[in-house]
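In the numbering used here, the protein residues as written are 329 to 757.
Think of the CB as a built atom: it goes at the ideal place given N, C-alpha and C, for glycine as much as any other residue.
Note that the structure is predicted; figures quoted are calculated from it, not measured.
Worksheet for the structure shown next.
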Amino acid sequence: MSSRYAQSERLLERALHTIPLGSQTFSKSKTQYPLGVSPYFIEKGLGSRVWDADGNEYIDFVNSLGAVLLGYRDPFVDDAVRRQMDNGVSFSLPHRLEMQVSEKLTELIPCAEMARFGKNGSDATAGAVRLARAYTSRERVAVCGYHGWQDWYIGSTARHLGVPKAVRELTHSFTFNRLDTLEKLFSDYPGEFAAVILEPMNSTEPTPEFLQGIQALCRNHGTVLIFDETVTGFRFDIGGAQRLFGVTPDLATFGKGMANGYPISAIVGKRDLMMKMEDIFYSFTFGGETLSLAATLATLRRLETYPVISSIHRVGRKIMDGIRDSIELHGLESVLSVTGSPSWSFLSIRDTDRYSSWDIKTFYLQEMLARGILTLGAHTVSYSHTDEDAARLLLAYDEFLQQLETALTRGDLENRLRCKPLEPLFRVR
């Protein structure tokens, strides 16, 4: 047991007795962080920082997997939640906040004429796919990206255990920025695709013709175009990536940062499609839970009145440029690169002749965590991140890259690891 993470490791051992993986979320579980050099439980957060169960402080670049857009314990959002809590949380009839948030979403998002809510991004993507199937009377779906845990999507991945074969056969994957891969699917199954669903930006930005080409293909084939904006929504632009890139889908799903950490998601879209909601069954006991709705309205008002998105972009650009410069300085371009956009960028790691990307990622996590940086390899910037936070991150990177350069030159990376390497995992992106 490590002295730095003793309490975290004790809590993990206890949690594993009653919780599979010791976590409710795969991407927050012990599979993601190497044992002995990592925290496993966070006790509190404030702004851009979190504190683990042992009292260690970190600048957080995970931000609850992108759910925290403004920063932890944003006073404007939390005050709105407290005020609503005084009036109640869930009721026996709808609350006016359902209408107010729906109206706000239709003001901000190009494709939004109506809205319905869920609690997770997976709720929204599953609902949007069902809606598209009902609207088109078709069954096949083309996917590009990560769209949640439900059968319709996860059956198309390596984690399909428990998903019936008949369900798996209805979902087909195509390649981001490769329009020809989607064209082939339409050619192979003419008139059978209910929907094409994709994240409008993944770990790379779309080429100028990619999103427009998908939109044209969907129109030509009578297929519903769905943008999964669970991550990109409100992080890239207040109207989502669809407004930023100038391509309006038929339906879109939102979640994560829309309520700064409170649990809510949304399906929005054109009226004729959304009205089909009255015929399918998409219903939640907590779909109109008022605390998350109050948090959403407060978060969106923050986005309208403060330079949230421009600040995130500016700090994120500084991070991306700084990491690229440092990678080049240490001559590691063949092993490492930075992809994505300033507000949501990624460190991409490649295998070397001697070491796997998982060996290198383990060393990366070990060194970043030791320097008070919480990351999984993504740099998910919040409004609370400052230039000083970016400078701390870049200093940690420079020190890590210097060590990695030496380790690869000498061939002694395994001697520098203070833990077992991570095992290859199911990757969502």
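For residue 444, the beta-bridge partners assigned by DSSP are 595.
Contact check between the segment 447–457 and the segment 583–596: three or more CB pairs, one atom from each, fall below 8 Å, which counts as touching. Distance from residue 647 to residue 549 at the Cβ level is roughly 40 Å; contact not present, criterion being Cβ atoms closer than 8 Å. Inter-residue distance for residue 652 and residue 641 is about 16 Å (C-alpha atoms, whole angstroms). Straight-line spacing of the CA atoms in residue 715 and residue 671 works out to 14 Å. Residue 565 sits close to residue 572, with the two beta carbons spaced by under 7 Å. Taking 3 residues as the shortest admissible run, the segment 540–577 contains the following complete beta strand (DSSP E) segments, listed from N- to C-terminal end: 552–557. Between residue 701 and residue 719, the CB-CB gap reaches or exceeds 7 Å. Assignment of residue 463 by DSSP, reduced to helix, strand and coil, places it in the helix class. The continuous beta strand (DSSP E) containing residue 372 extends over residues 370–374. DSSP, reduced to helix, strand and coil, places residue 617 outside both helices and strands of the structure shown, so it counts as coil. In this structure, DSSP gives residue 523 an extended state, which the three-state scheme calls strand. Its Cα nearest to that of residue 411, the residue 425 stands out among 675, 659, 425 and 400.
At least 7 Å separates the beta-carbon of residue 395 from that of residue 469. For residue 734, there is no enclosing beta strand (DSSP E); the residue is found in the alpha helix (DSSP H) stretching over 715–738. A straight line joining the alpha-carbon of residue 504 with that of residue 530 spans about 8 Å.
Non-local beta-carbon contacts of residue 658 in its own chain, meaning distances under 6 Å to residues more than five positions away in sequence, involve 729 and 733 in chain order. One alpha carbon belongs to residue 693, the other to residue 521, and they sit about 41 Å apart. In this structure, the alpha-carbon of residue 735 lies about 38 Å from that of residue 477. By the criterion of a C-beta distance shorter than 6 Å, residue 668 is surrounded in its chain by 531 and 674, once the five residues flanking it on both sides are discounted.
Residue 580 carries a strand assignment under DSSP once its states are collapsed to helix, strand and coil. The C-beta distance from residue 618 to residue 416 rounds to 7 Å, short enough to meet the 8 Å contact threshold.
Under the DSSP assignment, residue 392 falls in the alpha helix (DSSP H) whose first and last residues are 391–394. Closest option to residue 401, judged by alpha-carbon separation, among 606, 690, 637 and 587: 587. Between residue 684 and the set 752, 404, 631 and 363, the nearest pair of CA atoms involves 752. Between residue 576 and residue 439, the C-beta spacing is below 7 Å. DSSP, read as helix, strand or coil, puts residue 624 in helix. The alpha-carbon of residue 332 is positioned some 20 Å away from that of residue 721. For residue 672, there is no enclosing alpha helix (DSSP H); the residue is found in the beta strand (DSSP E) stretching over 672–677. With respect to the C-alpha of residue 712, the residue from 369, 398, 343 and 626 having the closest C-alpha is 398.
Per DSSP, the continuous beta strand (DSSP E) segment holding residue 666 begins and ends at 664–669. In the assembly as shown, residue 528 is a buried residue. Its beta-carbon has 16 or more other beta-carbons within 10 Å. Collapsing the DSSP output to three states places residue 386 in a strand.
The alpha carbon of residue 382 has as its nearest neighbour, out of 496, 645 and 369, the alpha carbon of 369. For residue 379, there is no enclosing alpha helix (DSSP H); the residue is part of the beta strand (DSSP E) that begins and ends at 377–380. Here DSSP, grouped into helix, strand and coil, assigns residue 701 to strand.
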